[in-house]
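Heads up: the sequence shown at position 420 corresponds to 429 in the numbering used here, and the numbers run straight through without jumps. Beta carbons are placed, not taken as given, at the ideal position from N, Cα and C, and that holds for glycine. These numbers were taken from a predicted model, which means no experiment stands behind them. Notes follow the structure.
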Amino acid sequence: MNLRKKGLIVLVIMIFFLFMGAASAASTNKKVSLNDKKFTTVNIPFVENHGQISDKNVKYSANTFIGNVYVKDNGIVYTLSKDKKGWVVSEKFVNSNNVDVKGYDRSKTKVSYYKGKSVQKNLATYSKVKYSNLYDGIDLYLKAHGKNIEKIYSIGKIGSPSSIWVTVSGSKGLKINKNGELEILNGLSALKLTKPIAYQIINGKRVNVSVSYVINNLSYGYKTGAYNKNYKLIIDPLLSSTFLSGNSYDNAQGVAVDKAGNVYVTGYTGSYDFPIIPGGYQTTIKSAEWDAFVSKFDSTLTTLISSTFIGGNYSDKATGIALDNQGQSECNVFITGTTYSQNYPNTAFTVPWETGAGDVFISKLSNDLTTLESSTFFGGNRADMANAIIVDASNNIYITGQTFSYNGTDSKNNPVTSFPIRYSSFNEPLAQNSYVGNGDVFVSKLDNNLDFLRSGVVFGGSGTSYGTSLAVDQSNYIYVTGATNANDFPAVTNTNVYPDNGFQNSKGDYDAFIVKLSKQYLENIEGVALLGGSARDIGNSIAVDPLGRVYVVGGTWSSDMYTTLGAKQRQNNGQEDGFVVIMDKQIQNILSSTYLGGNGIDVANGVIVSDQGNIGIIGTTNSTKSFPNELPSGDTTAHGMEDVFFTAFTNVMTAQEKVETTILGGVNADYGEALAIDTIGNVFLVGNTWSNDYPTTSGAYQTATVDNLQYTDDAFISKIDNLFDTSPPTVGSTDPVNNSSNVQLNKIIKLVYNEQIQPGSNFDIGGGLSSITLNGVNVPLSNIQIVMNTLVITPTNLLKSTKYILFIPVDAIEDLAGNIGNEYTLVFNTVVPINVVSTNPVNNANNVVGNQPITITFNIPIKTGPNYALITLLNSASTKIPITKTINGNILTITPISNLTPETYTLSLPINSILDMNNKGLTSIFTTSFTVTSPTVTSTNPVNTAINFPIDKVITVTFDRAIQNPDKLLIKLIRPYNGAEVPITFGITTDLKTLIIYHNTWLLKGVTYNLILNPNCITDLAGNGLITQYNTSFKTVTTTTSALSKTPVNTAPTVTSTNPVNNAVNIPTNKIIKINFSEAIKFGTKCWIELKTSSGKTIAFKKTISGKTLSITPTSALAKGTTYTIIIHSNSITDLTGKGLATAYTTKFKTVTV
10 MNLRKKGLIV LVIMIFFLFM GAASAASTNK KVSLNDKKFT TVNIPFVENH GQISDKNVKY
70 SANTFIGNVY VKDNGIVYTL SKDKKGWVVS EKFVNSNNVD VKGYDRSKTK VSYYKGKSVQ
130 KNLATYSKVK YSNLYDGIDL YLKAHGKNIE KIYSIGKIGS PSSIWVTVSG SKGLKINKNG
190 ELEILNGLSA LKLTKPIAYQ IINGKRVNVS VSYVINNLSY GYKTGAYNKN YKLIIDPLLS
250 STFLSGNSYD NAQGVAVDKA GNVYVTGYTG SYDFPIIPGG YQTTIKSAEW DAFVSKFDST
310 LTTLISSTFI GGNYSDKATG IALDNQGQSE CNVFITGTTY SQNYPNTAFT VPWETGAGDV
370 FISKLSNDLT TLESSTFFGG NRADMANAII VDASNNIYIT GQTFSYNGTD SKNNPVTSFP
430 IRYSSFNEPL AQNSYVGNGD VFVSKLDNNL DFLRSGVVFG GSGTSYGTSL AVDQSNYIYV
490 TGATNANDFP AVTNTNVYPD NGFQNSKGDY DAFIVKLSKQ YLENIEGVAL LGGSARDIGN
550 SIAVDPLGRV YVVGGTWSSD MYTTLGAKQR QNNGQEDGFV VIMDKQIQNI LSSTYLGGNG
610 IDVANGVIVS DQGNIGIIGT TNSTKSFPNE LPSGDTTAHG MEDVFFTAFT NVMTAQEKVE
670 TTILGGVNAD YGEALAIDTI GNVFLVGNTW SNDYPTTSGA YQTATVDNLQ YTDDAFISKI
730 DNLFDTSPPT VGSTDPVNNS SNVQLNKIIK LVYNEQIQPG SNFDIGGGLS SITLNGVNVP
790 LSNIQIVMNT LVITPTNLLK STKYILFIPV DAIEDLAGNI GNEYTLVFNT VVPINVVSTN
850 PVNNANNVVG NQPITITFNI PIKTGPNYAL ITLLNSASTK IPITKTINGN ILTITPISNL
910 TPETYTLSLP INSILDMNNK GLTSIFTTSF TVTSPTVTST NPVNTAINFP IDKVITVTFD
970 RAIQNPDKLL IKLIRPYNGA EVPITFGITT DLKTLIIYHN TWLLKGVTYN LILNPNCITD
1030 LAGNGLITQY NTSFKTVTTT TSALSKTPVN TAPTVTSTNP VNNAVNIPTN KIIKINFSEA
1090 IKFGTKCWIE LKTSSGKTIA FKKTISGKTL SITPTSALAK GTTYTIIIHS NSITDLTGKG
1150 LATAYTTKFK TVTV
């Protein structure tokens, strides 16, 4: 169990100073003073030496409660002031690298020294000091607290524990005692170094690794067993563990943790010297038997922040604890239990006292345990006992337990006062309940100030029933568990209907139960389940996860308890086993059920559930084998008569479900009672122990018992590592995203992890630098922040157009559970200055068509800038041409509002008229020019002066661009010998570049013809006409050798096909109708096209032409099962020469019916 999962290999060696007489150097029977224990809890900062210490080799010092510690580059010196003579012990690192020790983790404390004329003010202090690369691949951290010095060796892949050797001066010998501790001896006293413990986490499994000290004369080192060097090795005892006791019986029964990690423990004690902090509500015990106690620890269990008794003149036992305000800062502390004291503190409502049979108490204390905010007790005239307490999201208080008080008379006809209930409880009248048997379950709801009982219910049946635990879901429904032997449980006679789930029949001696109660007044039972087999089954603890699933644990003697397929343990391995059952929130279905135990007696007493649905269970076992455990680290061997067990189920109800069990205890009996989980998944276990050697950790609040535990027991609190979180933190998103381009030079880089993070052991490499690199250069610590789950890096001096690689090495980052982050690489490219990569037309282009849009393509996506309106297009006379501008991605398109006439134009883009997406604009004016020209002839057929041209062939003239509007008045085909003009018509090819000239009769043989194209006889698509006359001549053949073809003429366009075809059926209602023609077409001057239903209703549509195809698109979906007709009237469509459709064209189709 580890405090921090740091580095690849981490050795944690605690050194604590315990002086022993010569006769008892290995052991001592001296009792430890409670005051002495407190000295171990204070963190001591290291102060940098700025001349206040004359020895310049001392870099840092710490003044502990047992002496001074001086940190040098090559070793450590301890001056131990046990007596007037003192004792100086020096440690020197053998064959180490030359290092410069540095302060690490600067603390808020400032120190000033005034020594003679030498004044040193406000010197910085550090929580740790660090020897970077003390040995190859090995760093050393030092931390001081109270009487202890903690050493942490962080060993990387290239490091080896066997490299570490330390020579000790000032000692008469070194010794490894029977406990594996290293003792540095001086004859009268000893300095002890705790025994190291090691393990690795590999693929979520814990693997133990052996480690021990080795001695060579006055030098010592470390020896480890085989381990996987690809994974970290952690050498550490319990995360933290402490006794909490005086000289008599002390029992911890409940534990809670606030959002700050503070730990609250309650129970009962008979010790007059129980640890109490001055200022607590009650500083002396009042009872000769038991008083309740409440104690508050810090998260490390090193500091007892506050502690108080609470009770009256007789026995008072606290059994449960809860915090309000969802555990936020300054939350109040509530405890409940059973009191036999008539003078138990009562500041709230009063219930008449009947007998001394025991009543329920509830007390509310301030967060610091100094003030009793409110307190009361209540019950009937028989025994009433509280077992558990919870607080809902509205800060209402709920208690459950058992009552023997009922309304009526006892066997001697003496009147008996019932346990107090309230209105709406199962529709019963106030203080009336006829269902009570020989002990029943009660649930009471109180307001936060304990002013009054909001509601109370009692249920059970004819037998014995009791409530042990309760939970509340996110909708404030209450769930109760416990045990009953009543055949008619829950015996509610008034109308209260709840579903029959098949789990409502008693099966054995006692059955565990789950009861779900309505959330307002507890007035209805929403669901009931009886769990168990043919023997005794007890529900001891209940919890609800965020999805509303209900978890119950307890103990069973049954061999036939229901288990689910795939359960981790489907049989009872011993006499009594624990059990774990998960049900849905309606208490209708068992989702999972398993036994939990070994070959002896095992009982589960407490359960917690993480937000991820992982389960933690505490209990007691005396099994010696067969306890379920799938992770090899779990110590599942019993140490004594009974021991505490903690079992973690992870990935519950999945194929990856795992179970890990750890056994804690000493040579005698140890009992696990309750547990709690903090916000990062660390688990706190509480209970009581009869073992003097119950495991505690150095630096914890109380590491030894006050009495010898031969006749009494002590409370314990143990903190174990985050068994619910063995997954490393992972990067979920980055800004910029990986492989981004055009990242700004002032970009702040953010890496968002899947959980909260903190610096890992490989984060700070010293010298103010981190291990994180940007293009191989270490990023300064000052440029890095961690904000919850986000790593924020602020680079400096980034260059344009540069590829950067941000590299985060292994264990630079870790989560709050200490799981180390894997290496991560982020690649990005900085912004490229915005520039034009191409234009169309290109700069200085000629023969540009006057209706052509101008496009400017940039290297990156663009947007409008502040000078966007100043973009201009000027003609050769510097006259501004009206234009429109559009941007699509990285392309700017300029479209003249009117077609351009032939001349030269210049387009200008001013500075900042265009911006990139990061608001960086053009840094200089961009201009481009082009010249618009008229169409020109590129070729003719026949060519100029050609001879032997066939008399039946058409004449073609090809231009440099698309043309239109041939004018028959300006195009002449003439016979020069007599000046006769040949009748001609025209056509244009589909590419629009070639004019076809048809002569209506055959040409004459052996005759020369002149073709004359006068200015403006054709125009380009921008309307610019032919500028100068074009002439060409040719001569026809003198004879013909074959049959002549039909005289070529310009024919009208005709329909060649339609989609859908004529009379088609089952046509989709959103169909676009396409009609294909024999040649390229355009709309006629009088265009009349109709789309009608069979009833004559006209349908609106849009029409477009592309080449030879007319498309008709209805503006709304057509009706189903309807016949439609399209009519294209004559001359509505023409070819490009203007020759129109000769006759009307009609086509029909029918739409789909369904």
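Distance between residue j and residue i (C-alpha atoms, nearest Å)
i	j	result
K812	F837	6 Å
K1148	P975	12 Å
S543	Q513	14 Å
L247	N271	Note that L247 has pLDDT 48, beneath the 50 cutoff, so the model's placement of it is unreliable and no number is given.
T348	T670	36 Å
Y1133	A1151	23 Å
V1074	F1158	6 Å
V612	I398	21 Å
I980	F1086	27 Å
P768	S228	33 Å
A683	M926	58 Å
R545	G388	28 Å
N928	G622	47 Å
Y353	K295	10 Å
P891	L882	8 Å
G146	I164	6 Å
N405	T572	36 Å
T1155	F958	42 Å
G112	Y69	8 Å
I903	Q861	9 Å
Cβ neighbour criterion (16 or more within 10 Å) applied to residue i
i	result
D8	In the structure as shown, the chain begins at 10 and stops at 1163. Residue 8 is therefore absent and cannot be evaluated.
Q578	buried
D1144	buried
M592	buried
T1162	exposed
T617	Correcting the residue type first, residue 617 is Ile in the shown sequence and not Thr. The residue in question, I617, is buried, as its Cβ has 16 or more Cβ neighbours within 10 Å.
T1177	Because the chain spans 10 through 1163 in this model, residue 1177 falls outside it and cannot be assessed.
L916	buried
Local conformation of residue i per DSSP, three classes
i	result
A1073	strand
Y150	strand
N549	strand
G874	coil
P768	strand
Q262	strand
K1159	strand
G336	helix
L879	helix
P1123	strand
S601	strand
N341	coil
Option nearest residue i by Cα separation, candidates the options
i	options	result
G1032	N908, A1061 and N928	N908
P905	N928, I774, I880 and N897	I880
G336	G276, S403 and Q595	S403
Y1007	I972, Y1018, V963 and T782	V963
P737	V846, A685, L605 and V819	V819
Q351	I689, A366 and A357	A366
H1165	P1123, K1106, T1094 and S1125	As shown, the chain starts at 10 and ends at 1163. That puts residue 1165 outside it, with no answer to give.
Any contact of the region 928-937 with the region 996-1014, i.e. 3+ C-beta pairs under 8 Å?
no
Would the region 1094-1108 and the region 1062-1078 be scored as touching if the rule is three or more Cβ pairs under 8 Å?
no
Segment contact, 8 Å Cβ cut-off, at least three pairs: the region 846-863 with the region 827-835
no
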